[in-house]
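Novice:
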Amino acid sequence: MIFGVGLIGGSLARGLRERAGHDGEVIGVGRRAHSVARALELGVVDAVATFDDDAALAQALDGADLVLIAAPVAQTQMLLERIAPHLQPHTLVTDAGSTKSDVIAAARAALGARIGQFVPGHPIAGRESSGVEAALPDLYVGRNVVLCPLPENAPADVERIAQMWRATGAVIGQMSAEQHDRVFASVSHLPHVLSFALVEQILATPDAELKFSFAAGGFRDFTRIAASSPEMWRDVCLANRTALLAELDAYTEVLAKLRAAIDAGDGGALETVFARSRAARQAWQERGGKRVASDATSEATSEGASAPTPSQSGPDK
Numbered sequence: 199m200i201f202g203v204g205l206i207g208g209s210l211a212r213g214l215r216e217r218a219g220h221d222g223e224v225i226g227v228g229r230r231a232h233s234v235a236r237a238l239e240l241g242v243v244d245a246v247a248t249f250d251d252d253a254a255l256a257q258a259l260d261g262a263d264l265v266l267i268a269a270p271v272a273q274t275q276m277l278l279e280r281i282a283p284h285l286q287p288h289t290l291v292t293d294a295g296s297t298k299s300d301v302i303a304a305a306r307a308a309l310g311a312r313i314g315q316f317v318p319g320h321p322i323a324g325r326e327s328s329g330v331e332a333a334l335p336d337l338y339v340g341r342n343v344v345l346c347p348l349p350e351n352a353p354a355d356v357e358r359i360a361q362m363w364r365a366t367g368a369v370i371g372q373m374s375a376e377q378h379d380r381v382f383a384s385v386s387h388l389p390h391v392l393s394f395a396l397v398e399q400i401l402a403t404p405d406a407e408l409k410f411s412f413a414a415g416g417f418r419d420f421t422r423i424a425a426s427s428p429e430m431w432r433d434v435c436l437a438n439r440t441a442l443l444a445e446l447d448a449y450t451e452v453l454a455k456l457r458a459a460i461d462a463g464d465g466g467a468l469e470t471v472f473a474r475s476r477a478a479r480q481a482w483q484e485r486g487g488k489r490v491a492s493d494a495t496s497e498a499t500s501e502g503a504s505a506p507t508p509s510q511s512g513p514d515k
């Protein structure tokens, strides 16, 4: 059962069906009837329901093995509260949220003593396109999925969620929720804010259209993720505000140093920063985005996440 049959939820459904040969029923649940109807029309799911149809939710959850919440993180508690009255003892719930501490707090509030049935997760994959039409059966191939198990989770239940993602071709890693939010504030949430900010800064100038008309590859690459969902990234920024503010402050300090070097005409200082950054970026690219050997969070570091292919390149949640 998938709450939110868009890019993330739809790609899971297609990956399980088309790559793993899953022949069980997949039920899609959404806020709007027309969106889940489209998923049904495309054959991504076998049946549909909407968030506000309590009878349909109860029927869909009857006998459900796994539930994925692939909706904006701010909706997590509301969705879990809708699920809770119908949640059966054998049913596991996981999520695809880009933040984890807030999601876990929401799950504890909504599920109470049944918190052990919720296994927090985060697939690190995306595209600029959204909606079920953008779903790909191979979106998760070679991509990282981070699980943040709770003390209340049975190891066998965590493994069930891991097996679901592995079936789509994903590579599984584990972190604490706190570590997850610090890491992704740096390498995902901050870049999205900066990308949106650059476009906003240009829009605020009187010759914005002239600038856009001459923008080329560098602008395209830097602002690619500004095509992401405003609703989703609003929620991510607010949910992870403490870690994100720390990253913004650190980035601002670096900008201030670069500004001072430019103002002083200090080419040596600029080149030192640029050379160090270039070397780090090249080293990351040469290992294909894979985790370094010292990273103990993966199940198999030699099978870390591959670099995005052109068809998959997009906002990394």
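The opening position of the sequence shown corresponds to residue 199 in this note's numbering, with each subsequent residue numbered one higher. Cβ coordinates follow ideal geometry from the N, Cα and C atoms, glycine included. Small disclaimer: the values here were computed from a predicted structure and weren't measured.
Candidates 240, 349, 308, 257: which alpha carbon is nearest residue 247's?
Specialist: The residue labelled residue 247 in the question sits at position 49 within the sequence shown. Nearest C-alpha to residue 247: 257.
Novice: Between residue 254 and residue 204, how many whole angstroms is the CB-CB distance? I'm expecting something under 8 Å.
Specialist: Within the sequence shown, numbered from 1, the residue matching residue 254 stands at position 56. Within the sequence shown, numbered from 1, the residue matching residue 204 stands at position 6. That belief does not hold up - the Cβ atoms of residue 254 and residue 204 are roughly 19 Å apart, past 8 Å.
Novice: Start and end of the beta strand (DSSP E) containing residue 248?
Specialist: To locate residue 248, count along the sequence shown from 1; it is residue 50. It spans 245-248 - the beta strand (DSSP E) in which residue 248 sits, taken as one unbroken run.
Novice: Using 10 angstroms around the beta-carbon of residue 239, count the other beta-carbons present and answer buried if the total reaches 16, otherwise exposed.
Specialist: Taking the sequence shown and counting its residues from 1, the one referred to as residue 239 is at position 41. That one is exposed.
Novice: To which residues of the same chain is residue 338 closer than 8 Å at the C-beta, ignoring the five residues directly before and after it?
Specialist: The residue you call residue 338 lines up with position 140 of the sequence shown. Counting only Cβ-Cβ distances below 8 Å, and skipping sequence neighbours, we find 209, 210, 213, 321, 323, 363, 366, 367, 368.
Novice: Rank 486, 266, 395 by C-alpha distance to the C-alpha of residue 446 and give the top, closest one.
Specialist: Translated into the one-based positions of the sequence shown, residue 446 becomes position 248. It is 395.
Novice: Looking only at its own chain, which residues have a Cβ that is under 8 Å from the Cβ of residue 318, when we skip the five neighbours before and after it?
Specialist: Residue numbering aside, residue 318 sits at position 120 when the sequence shown is read from its first letter. Excluding positions up to five away in sequence, the list reads 292, 293, 295, 298, 301, 302, 305, 345, 346, 347, 348, 375.
Novice: If you check the beta carbons only, do residue 226 and residue 237 fall under 8 Å apart?
Specialist: For this step, residue 226 is matched to residue 28 along the sequence shown. For this step, residue 237 is matched to residue 39 along the sequence shown. It is a contact, given that the beta carbons lie within the stated cut-off.
Novice: Between residue 450 and residue 444, what straight-line distance do the alpha-carbon atoms span, to the nearest angstrom?
Specialist: On the sequence shown, residue 450 is found 252 positions in, with the first residue counted as 1. On the sequence shown, residue 444 is found 246 positions in, with the first residue counted as 1. Cα-Cα distance, rounded: 10 Å.
Novice: So what's residue 167 in DSSP terms, helix, strand or just coil?
Specialist: Since the first residue shown for the chain is 199 and the last is 515, residue 167 is missing from the structure and cannot be characterised.
Novice: Are the CB atoms of residue 441 and residue 383 within a distance shorter than 8 Å?
Specialist: Position 185 of the sequence shown, counted from the start, is the residue given in the question as residue 383. Position 243 of the sequence shown, counted from the start, is the residue given in the question as residue 441. A contact, by the Cβ cut-off of 8 Å.
Novice: Quick check on residue 369: does DSSP put it in helix, strand or coil?
Specialist: As a first step, residue 369 is located in the sequence shown; it is residue number 171 there, counting from the start. DSSP places residue 369 in strand when its eight states are reduced to three.
Novice: Name the two residues that bound the continuous alpha helix (DSSP H) containing residue 436.
Specialist: Translated into the one-based positions of the sequence shown, residue 436 becomes position 238. Residue 436 -> alpha helix (DSSP H) spans 428-437.
Novice: What is the DSSP secondary structure of residue 322, counted as helix, strand or coil?
Specialist: On the sequence shown, residue 322 is found 124 positions in, with the first residue counted as 1. Three-state result, residue 322: coil.
Novice: Could you give the DSSP three-state label for residue 264: helix, strand or coil?
Specialist: As a position in the sequence shown, residue 264 is number 66, starting the count at 1. In this structure, residue 264 counts as strand in the three-state DSSP scheme.
Novice: What would DSSP say about residue 214, mapped onto helix, strand or coil?
Specialist: Sequence index remark: in the sequence shown, residue 214 carries index 16 (1-based). In the structure shown, residue 214 sits in a helix (DSSP, three-state: H, G or I).
Novice: How about residue 308 and residue 282: do their beta carbons lie closer than 8 Å?
Specialist: Sequence index remark: in the sequence shown, residue 308 carries index 110 (1-based). Sequence index remark: in the sequence shown, residue 282 carries index 84 (1-based). Yes, the pair counts as a contact, with Cβ atoms nearer than the cut-off.
Novice: Quick one: measure Cβ to Cβ for residue 433 and residue 272, integer angstroms, because I've assumed they're closer than 8 Å.
Specialist: Within the sequence shown, residue 433 is the residue found at index 235, counting from 1. Within the sequence shown, residue 272 is the residue found at index 74, counting from 1. Yes, they are in contact, since the Cβ atoms of residue 433 and residue 272 sit about 4 Å apart, within 8 Å.
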